[in-house]
Amino acid sequence: MALSGKVALVTGAARGIGRGVALALAKAGADVCVNYRASGPAAAEAAGAIRALGRRAILAQADVSERAAVEQMVARCTAELGPVDILVANAVTSVRQNLLATREADLRRAMDVGIVGVFHVLQVVARQMVERETKGSIIYISSPHARLPFKGAIDYNITKAGGHMLALSAANELMWHGIRVNLIEPGWTDTPGERTWYSDEAMYREGKKLPLGRLGSPEDIGQAAVYLASDAA
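Be aware that the sequence shown starts at 750, since it is given in this note's numbering, and climbs by one per residue.
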């Protein structure tokens, strides 16, 4: 398998795109550290699905906005599964309000997770890769919100723009160490998170407007991550 013997850390892996990526990496042969903050039962289910594929999986509860928690998570992943070969930075939070309604506290929380948190996981894992001379793969789950100012999502727009540039900057620096940093920019994807904002009817209707006749799926994003994490990339 393409990722046999590799160890992957996926943040925000309990559900949605993170879960889809974690399972796809496991199907390709990787052992996976499943990070979550609050969705313990969903994360445990994801880890169980990975183990059912014959791969190792551990649960790692950590708020990526907290540096010490990230350091402990990476240390535990290394101790129980091995050094991280693949990092997928996916964790994000958002209240999706317009400019006039967004509270400063909500904006700060979104940036703490989606920008500072991405910085934490990228830096901690990259330092380990450089120290061990691991020619690893780092993948950031970006969004069209990084480039397009969608209405009613001021915190998400800002967060994704910051994380996007952080990942590009990391790519420019880490290439000299043989570490690949890539971004995946999913279009509208059918996830539990999206279903909190839109009805089934609305998601079906909008999906029919796309060339494939449907919205994207977490599994679609997972396949892209498998390719980028493999030697073929």
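Built from N, CA and C at the ideal position, the CB exists for glycine as well. What you are looking at is a predicted structure, and each value in this text was computed from that prediction instead of being measured.
Going by CA-CA distance only, name the one from the options that's closest to residue i.
{"i": "residue 964", "options": "949, 869, 975 and 793", "result": "949"}
{"i": "residue 778", "options": "789, 801 and 766", "result": "801"}
{"i": "residue 799", "options": "776, 787 and 786", "result": "776"}
{"i": "residue 784", "options": "759, 793, 766 and 803", "result": "759"}
{"i": "residue 770", "options": "933, 943 and 960", "result": "933"}
{"i": "residue 804", "options": "773, 763, 882 and 859", "result": "773"}
{"i": "residue 791", "options": "762, 806 and 859", "result": "762"}
{"i": "residue 868", "options": "843, 826, 853 and 839", "result": "839"}
{"i": "residue 815", "options": "863, 852, 959 and 782", "result": "863"}
{"i": "residue 808", "options": "865, 757, 848 and 853", "result": "757"}
{"i": "residue 849", "options": "829, 828 and 900", "result": "900"}
{"i": "residue 978", "options": "931, 766, 918 and 914", "result": "931"}
{"i": "residue 865", "options": "914, 753 and 852", "result": "914"}
{"i": "residue 898", "options": "847, 881, 858 and 925", "result": "847"}
{"i": "residue 858", "options": "907, 882, 881 and 828", "result": "907"}
{"i": "residue 923", "options": "880, 753 and 793", "result": "880"}
{"i": "residue 813", "options": "793, 786 and 829", "result": "786"}
Per DSSP, residue i is paired with what?
{"i": "residue 847", "result": "Per DSSP, none; premise fails for residue 847."}
{"i": "residue 929", "result": "886"}
{"i": "residue 785", "result": "810"}
{"i": "residue 758", "result": "782 and 836"}
{"i": "residue 983", "result": "A question about residue 983 goes unanswered here, because the residues of the chain that appear run from 750 up to 982."}
If the criterion is Cβ atoms closer than 8 Å, does the pair residue i and residue j meet it?
{"i": "residue 811", "j": "residue 768", "result": "no"}
{"i": "residue 927", "j": "residue 884", "result": "yes"}
{"i": "residue 938", "j": "residue 966", "result": "yes"}
{"i": "residue 929", "j": "residue 886", "result": "yes"}
{"i": "residue 834", "j": "residue 957", "result": "no"}
{"i": "residue 920", "j": "residue 909", "result": "no"}
{"i": "residue 780", "j": "residue 751", "result": "no"}
{"i": "residue 911", "j": "residue 878", "result": "no"}
{"i": "residue 748", "j": "residue 788", "result": "Because residue 748 is not part of the residues shown, which for the chain are 750 to 982, the question remains open."}
What whole-angstrom Cβ distance do residue i and residue j have, given they're in contact under 8 Å?
{"i": "residue 841", "j": "residue 974", "result": "Not quite, the Cβ-Cβ distance comes to about 16 Å (not below 8 Å), so this is no contact."}
{"i": "residue 902", "j": "residue 954", "result": "Actually they are not in contact, since the Cβ atoms of residue 902 and residue 954 sit about 20 Å apart, beyond 8 Å."}
{"i": "residue 935", "j": "residue 970", "result": "5 Å"}
{"i": "residue 916", "j": "residue 889", "result": "4 Å"}
{"i": "residue 961", "j": "residue 904", "result": "Actually they do not touch by this definition, with Cβ atoms about 29 Å apart."}
Is there at least one Cβ from chain D nearer than 8 Å to residue i's Cβ?
{"i": "residue 902", "result": "Absence of chain D from the displayed structure is noted, only one protein chain being present."}
Touching or not, the segment 862 to 877 and the segment 812 to 820, by the rule of three or more beta carbon pairs under 8 Å?
yes
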